[in-house]
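*Asks:*
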Amino acid sequence: MKSALVTGANKGIGFEVAKILAQQGFFVYLGSRQLKNGEAAVEQLRAEGLQHIAAVQLDVTSQASVDAARSAITALDVLVNNAGIAGGFEQSALETSADDFLTVYDTNVFGVIRVTQAFIDLLRQSEAPRIVNVSTAMASLSLAADIENANYPKRYVAYQSSKSALNMYTVNLAYELKETACKVNAVCPGYTRTDFTGHQGTSTAAEAGQRIAKYALIGPDGPTGKYFSEEYYPAPAVCPW
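Heads up, the sequence shown is in numbering that gives the first Met the number 0, so the first residue is 0 and it goes up one at a time.
1. Identify which residue in Gln50, Tyr28, Phe100, Ala92 has its Cα closest to the Cα of Asp76.
2. Can you tell me the Cα-Cα spacing of Leu101 and Gln22, whole angstroms?
3. Tell me the rounded alpha-carbon separation between Ala205 and Lys177.
4. Grab the span of the beta strand (DSSP E) containing Arg129 for me, first residue to last.
5. Could you give the distance in angstroms between the alpha-carbon of Thr6 and the alpha-carbon of Val111?
6. By Cβ distance, which residues of its chain are closer than 6 Å to Thr223, with the 5 residues on each side in sequence left out?
7. DSSP three-state call for Gln56: helix, strand or coil?
8. Out of Ala67, Gly221, Leu34, Ala157, point me to the one whose CA is closest to Asn107's CA.
9. State the beta-bridge partners of Gly30 as determined by DSSP.
10. Which one or two residues does DSSP pair with Asn80 in a beta bridge?
11. By how many angstroms is the C-alpha of Ala46 removed from the C-alpha of Thr169?
12. State the CB to CB distance for the pair Leu4 and Phe118, rounded to an integer number of angstroms; the pair is presumed to be in contact (CB under 8 Å).
13. Can the beta-carbon of Lys18 be found less than 8 Å from the beta-carbon of Leu57?
14. So, for Ala143: in the same chain, excluding its five sequence neighbours on each side, which residues have a beta-carbon less than 8 Å away from its beta-carbon?
15. Helix, strand or coil for Leu4, going by three-state DSSP, please let me know.
16. Which one or two residues does DSSP pair with Asn184 in a beta bridge?
17. Note down, in chain order, each residue of its chain lying with its Cβ closer than 7 Å to the Cβ of Pro128, except the 5 sequence neighbours on either side.
18. Sorted by chain position, which residues of the same chain lie with C-beta nearer than 8 Å to Gln62's C-beta, five sequence neighbours on each side aside?
19. If we ignore side chains and look at the alpha-carbon of each, how far apart do Pro219 and Leu93 end up?
20. If you compare alpha carbons, which of Lys10, Val65, Gln116, Gly86 is closest to Glu175?
21. To the nearest angstrom, how far is it from the Cα of Tyr189 to the Cα of Ser202?
22. Give me the Cα-Cα distance between Glu147 and Ser141, rounded to the nearest whole angstrom.
23. On a CA-only basis, which of Ala82, Leu78, Val79, Val103 is nearest Phe88? Give me that one, please.
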């Protein structure tokens with residue numbers, strides 16, 4: 000049985016991705032910063048008939064937590080780096096402090112790096128390893144450079160820049176793994192109604208989960224080193240970086 004790890008999976012989009020992968024026959028490790036929240040999510044999925052799923056305590060900002068999760072998992076085929084934070088709704092290039100930027104980067108960038116590096120040895124042992132990094136269309140430099148762009152009535156500078164950095168990490172990771180079977184992509188789930196957005200948006204968590212899970216399930220001829228944003232561009236389209 001193939002196995003998958005989804006970070007930040009006790010609710011929202013991560014929960015839906017974990018559910019979809021379990022439905023597709025994966026044993027899913029549901030990563031949750033608070034183990035009790037992860038266990039509650041597992042019970043919910045088991046009530047829906049999904050038995051091959053387990054909670055694992057995983058705080059991506061803690062190397063000790065990442066290392067402990069790695070010790071608990073012995074095989075892995077799919078890694079979905081979903082855990083992320085917005086950093087608040089008031090962000091400014093002139094006023095948001097470096098410490099506030101660091102807090103956002105610690106989860107959205109450094110957390111992905113910690114988890115990926117910790118589990119890459121297991122992924123290398125898989126016949127068809129997949130890594131999906133959850134990004135956003137708001138990270139597009141091409142779109143954001145249009146100062147009058149109506150899609151950006153507000154700027155979330157720490158969040159946007161962290162996801163731009165994540166996109167670059169995704170490309171470089173794919174480059175380093177290009178001679179292997181591993182496929183690495185970044186995916187925007189769309190503007191999704193979850194706690195993350197204050198339950199505002201144009202997509203449901205289930206719809207967003209499908210967009211992400213699709214790239215965890217791609218075949219050997221699938222893309223790598225790309226960024227996909229189906230809500231903002233005709234599917235399957237590649238958004239400009």
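Where a beta carbon is used, it is the ideal one built from N, C-alpha and C, also for glycine.
Predicted, not measured: the structure shown is a model, and the values here were computed from it.
*Replies:* Quick answer:
1. Here residue 76 corresponds to residue number 77 of the sequence shown, with the count starting at 1. It is Tyr28 whose Cα lies nearest to the Cα of Asp76.
2. Start at 1 with the first residue of the sequence shown, and residue 101 comes out as number 102. Start at 1 with the first residue of the sequence shown, and residue 22 comes out as number 23. Cα to Cα, Leu101 sits roughly 37 Å from Gln22.
3. For the purposes of this step, residue 205 is identified with residue 206 of the sequence shown, where counting begins at 1. For the purposes of this step, residue 177 is identified with residue 178 of the sequence shown, where counting begins at 1. Spanning the two alpha carbons is a distance of roughly 31 Å.
4. Taking the first residue of the sequence shown as position 1, residue 129 is located at position 130. Element bounds for Arg129: 129-133.
5. As a first step, residue 6 is located in the sequence shown; it is residue number 7 there, counting from the start. As a first step, residue 111 is located in the sequence shown; it is residue number 112 there, counting from the start. In a straight line, the C-alpha of Thr6 is about 9 Å away from that of Val111.
6. Residue 223 sits at position 224 when you count from the first residue of the sequence shown. Correct list, in chain order: Ala173, Lys182, Val183.
7. Here the question's residue 56 lines up with position 57 in the sequence shown. Reduced to three states, the DSSP call for Gln56 is strand.
8. Residue 107 sits at position 108 when you count from the first residue of the sequence shown. Answer by Cα proximity: Ala157.
9. Stepping through the sequence shown from its first residue, residue 30 is reached at position 31. Looking at the DSSP assignment, Gly30 forms a beta bridge with Val55.
10. Indexing the sequence shown from 1 puts residue 80 at position 81. Asn80 pairs with Asn132.
11. Here residue 169 refers to the residue found at position 170 when the sequence shown is read from its first residue. Here residue 46 refers to the residue found at position 47 when the sequence shown is read from its first residue. The straight-line gap from Cα to Cα measures roughly 35 Å.
12. Position 5 of the sequence shown, counting from 1, holds the residue named residue 4. Position 119 of the sequence shown, counting from 1, holds the residue named residue 118. At roughly 7 Å, the Cβ-Cβ gap stays under 8 Å, so Leu4 and Phe118 are in contact.
13. Looking up residue 18 in the sequence shown gives position 19. Looking up residue 57 in the sequence shown gives position 58. Not closer than 8 Å, so no.
14. For the purposes of this step, residue 143 is taken as the residue at position 144 of the sequence shown. Contacts found: Met137, Tyr151, Arg154, Gln159.
15. For this step, residue 4 is matched to residue 5 along the sequence shown. Leu4 falls in the strand class under three-state DSSP.
16. Locating residue 184 in the sequence shown gives position 185, where the first residue counts as 1. For Asn184, which the question treats as bridged, DSSP gives the partners Val131, Lys225.
17. One-based indexing of the sequence shown puts residue 128 at position 129. Hits under 7 Å: Asp76, Leu122, Ala180, Cys181.
18. The residue labelled residue 62 in the question sits at position 63 within the sequence shown. Within the same chain, Gln62 has close Cβ partners Arg113.
19. In the sequence shown, counting from the first residue as 1, residue 219 sits at position 220. In the sequence shown, counting from the first residue as 1, residue 93 sits at position 94. The straight-line gap from Cα to Cα measures roughly 45 Å.
20. Position 176 of the sequence shown, counted from the first residue, corresponds to residue 175. Checking every option, the nearest Cα to that of Glu175 belongs to Gln116.
21. Counting from 1 along the sequence shown, the entry for residue 189 is found at position 190. Counting from 1 along the sequence shown, the entry for residue 202 is found at position 203. In the sequence as displayed, the identity of residue 189 is Gly instead of Tyr. Those two C-alpha atoms are separated by around 7 Å.
22. Position 148 of the sequence shown, counting from 1, holds the residue named residue 147. Position 142 of the sequence shown, counting from 1, holds the residue named residue 141. So the alpha carbons of these two residues sit roughly 12 Å apart.
23. Numbered from 1 along the sequence shown, position 89 holds the residue referred to as residue 88. It is Val103.
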